[in-house]
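Have a look at the structure below, then the notes.
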Amino acid sequence: MASPKWRDYAQVMAPSNAVAPNSETTLDHVVVTPENVVLTFQLAGPGSRLGAFLMDLLVRIGLFAIVSLVAVPFGLNLAALRFATLLVLYFLLDWLYFTLCEGFFRGQTPGKKMFGLRVIHEAGYPISPWEATVRNFVRAMDAAPYLLGGRLSLGVYGVAWLTMLVTGRFRRLGDLAGQTIVVQERTVKVPREPIILSKIEPLAKADIGHWVPPSSTMALIEEFLERRLVLDYRRGHALCRDLARVLSRRLDYRGSQDLVERYPMAFVARVYATFHPVEADDDWRETAEASPDQAVAKMGARG
């Protein structure tokens, strides 16, 4: 039976806005990494993508106007060029704009950045310049106002909107070709200092060995603790279980392993409270600031 203290720790770690694990909407894109870590992305809807597109359209019109003005001193009058030539120039500017922005600025154009959108690979990682190239090369097919017969037309970017509705994941032809998706970035305001530190009791020194988590591990733990605000109760523990097992093994934790398995996020929080510089006493702080090897050597000499 779990002790009341561990249950209290688990309740502290549960977000106040926790929802049932099965309450995910159809706007969620779930990816399972080779390490069996589940990543969830919120797909960008047509409304936000339209807003980002219109903002990027204004930017491209401005760029085209600048190119036209710069070309005048060189004797190039873009207004006098044939329509076909202007169409090719606009295609190049349009293609380069999206390709360079998405390929070299982590999947964001100015419009997407303003609306909190980002293009990523469907597997969950950032897109490469090549994937951005493929995605935007097909943009011409998405934008073409195809005739359906007589006077009926899909209109400009009608193919893109139709494809986004048909695919079910709001993916246009370019997304299908480049294996990409457009996601809504989730911005969550969290306190810089996790609030659970004042409510979580550090691990007893008698229950752990001499290993001291390096700063990179502490940063990973802090990321998990901050993400509890956007994860439901069950998913938070599922994501944290592997980390808790590794920490328990490295720390040579001599407490109840059953409680570590049942309340992994509570255990990780206790590890964080134990070695966090603000909460740790002088002995722990000295070892935490050293390298892992130096920390083990110092603590071994003291013992």
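Take any residue in the sequence shown, note its place counting from 1, add 115, and you have its number in my numbering.
Glycine included, each C-beta is placed from N, C-alpha and C at the ideal position.
Subject >> Assigned secondary structure, R287 (DSSP; H/G/I helix, E/B strand, else coil) >> reply: coil
Original post:
Hey, would you say G335 sits closer than 7 Å to T389, going by beta carbons?
Top reply: A small correction: the amino acid at residue 335 is Leu; Gly does not occupy that position in the sequence shown. It is not a contact, given that the beta carbons lie outside the stated cut-off.
**OP:** Express the C-alpha separation of A321 and V375 in angstroms, rounding to a whole number.
**Re:** 17 Å
**OP:** Quick one: grab the DSSP three-state call for L318.
**Re:** coil
Subject >> Span separating the alpha-carbon of R286 from that of V297 >> reply: 8 Å
Original post:
What is the residue span of the alpha helix (DSSP H) that T248 lies within?
Top reply: 244 to 252
Original post:
Beta-carbon separation of R250 and G289 under 7 Å?
Top reply: yes
Original post:
Cα separation between G370 and F382?
Top reply: 10 Å
Subject >> Supposed close pair R385, E316 - CB separation, criterion 8 Å >> reply: 7 Å
Original post:
Is V327 helix, strand or coil by DSSP?
Top reply: coil
Subject >> Expected contact under 8 Å - CB spacing of M256 and V274 to nearest Å >> reply: 7 Å
Original post:
Going by Cα to Cα distance, which pick from G239, V361, R284, F219 is closest to L142?
Top reply: R284
**OP:** May I ask you to list the residues that DSSP assigns as paired with F206?
**Re:** In DSSP, F206 forms no bridge with anything.
**OP:** With distances taken Cα to Cα, identify the nearest neighbour of Y387 among L354, A353, P329.
**Re:** P329
Original post:
What are the partner residues of P241, as DSSP defines its beta bridges?
Top reply: I235
Original post:
Hey, how far is the Cα of L366 from the Cα of R175?
Top reply: 56 Å
Subject >> Residue from G222, F252, V253, V361 with nearest C-alpha to S243 >> reply: G222
Original post:
Does the beta-carbon of V327 have 16 or more other beta-carbons within 10 angstroms, so that it is buried, or is it exposed?
Top reply: buried
**OP:** Between the Cα of P161 and those of T278, K314, V182, spot the shortest distance and give me the residue it belongs to.
**Re:** T278
**OP:** Compare the C-alpha of A246 against each of L215, A258, L280 and name the closest.
**Re:** Checking the sequence shown, residue 246 turns out to be Glu, not Ala. Ranking the options by Cα distance to E246, first place goes to L215.
Subject >> For F168, the three-state DSSP class (helix, strand or coil) >> reply: helix
Subject >> Selection from S363, D373, R377, Y368 that minimises the alpha carbon distance to A353 >> reply: R377
Subject >> Among R356, F156, T295, G166, nearest to F230 - alpha-carbon criterion >> reply: G166
Subject >> Rounded Cβ spacing between V147 and T155 (contact assumed at less than 8 Å) >> reply: With a Cβ gap of about 10 Å, V147 and T155 do not count as contacting.
Original post:
Which two residues bound the contiguous alpha helix (DSSP H) that contains T295?
Top reply: Run containing T295: none in the alpha helix (DSSP H); it sits in the beta strand (DSSP E), 295 to 299.
Subject >> Bridge partner(s) assigned by DSSP for V145 >> reply: T155
**OP:** Count the other C-beta atoms from every protein chain shown that fall within 10 angstroms of the C-beta of S331, then say buried if there are 16 or more, exposed otherwise.
**Re:** exposed
Original post:
What is the DSSP secondary structure of T224, reduced to helix, strand or coil?
Top reply: coil
Original post:
Is the Cβ-Cβ distance between V295 and H236 less than 7 Å?
Top reply: Position check: residue 295 holds Thr in this sequence, whereas Val was assumed. Cβ atoms of T295 and H236: closer than 7 Å.
Original post:
Just to confirm, are M170 and G226 a CB contact at a threshold of 7 Å?
Top reply: yes
Original post:
Secondary structure at G370, three-state DSSP: helix, strand or coil?
Top reply: coil
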